[in-house]
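Next up, the structure:
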């Protein structure tokens, strides 16, 4: 019985700590202030959702990028609905063992914030926004494999130099 209680406590603690680490932004302005920084660090921000098959397919590439390249910051921005966070998003993150930073963006007024990321963004996902200081690169597409994503990011980094 003690072992069962200890395991139950551990599972609740792990789920709670993941939920506490998941920042939820209801307004793009709050997201922008927290995530879009104007410094020299390279940020790779991927917009995705658990219901988007191409997004889910390429998530391991972003996770690998996060694991292998400590000179960049990978941020996975979930566009899943707020009501799906507890029952779908958090279990998905745990099941896939995602260690890159995941945030939830719930601002449904897409017409006001999509152009702030890129003026030509139609709103389809997956979409990836890479930036460092004033330099920006946007891709409204799926990456077919890790090497393609890694080359894309490295091209950005090399142009920055």
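Residue numbers (mature numbering (1 follows the signal peptide of the UniProt record, and there is no 0)): -19 to -1, 1 to 142.
Ideal Cβ placement from N, Cα and C applies to all residues, glycine included.
Keep in mind that this is a model prediction, so the values were computed, not measured.
Distance, Cα to Cα, residue i vs residue j?
i: residue 72; j: residue 61; result: 13 Å
i: residue 78; j: residue 44; result: 9 Å
i: residue 128; j: residue 136; result: 12 Å
i: residue 22; j: residue 67; result: 31 Å
i: residue 134; j: residue 25; result: 8 Å
i: residue 48; j: residue 105; result: 26 Å
i: residue 59; j: residue 84; result: 6 Å
i: residue 18; j: residue 114; result: 7 Å
i: residue 138; j: residue 75; result: 30 Å
i: residue 117; j: residue 130; result: 16 Å
Apart from the five residues just before and just after residue i, which ones in its own chain have a Cβ nearer than 7 Å to its Cβ?
i: residue 69; result: 31, 61
i: residue 36; result: 29, 30, 106, 107
i: residue 52; result: 23
Quick one: residues in its chain with C-beta nearer than 6 Å to the C-beta of residue i, no 5 flanking neighbours on either side, listed in chain order?
i: residue 98; result: 110
i: residue 9; result: 88, 94
i: residue 6; result: 12, 86
i: residue 80; result: none
i: residue 63; result: 87
i: residue 27; result: 43, 57, 109
Give me the DSSP bridge partner(s) of residue i.
i: residue 110; result: 26, 119
i: residue 5; result: 85
Identify, in the order they occur along the chain, each residue of the same chain with its Cβ nearer than 8 Å to the Cβ of residue i, setting aside the five sequence neighbours on each side.
i: residue 38; result: 123
*Every unbroken beta strand (DSSP E) inside the region 26 to 50 [3 residues or more]*: Taking only runs of at least 3 residues, no beta strand (DSSP E) segment lies wholly in the region 26 to 50.
_Length-filtered (3 minimum) beta strand (DSSP E) runs lying within the region 51 to 87_ = Taking only runs of at least 3 residues, the beta strand (DSSP E) segments lying wholly in the region 51 to 87 are 53 to 59, 82 to 86.
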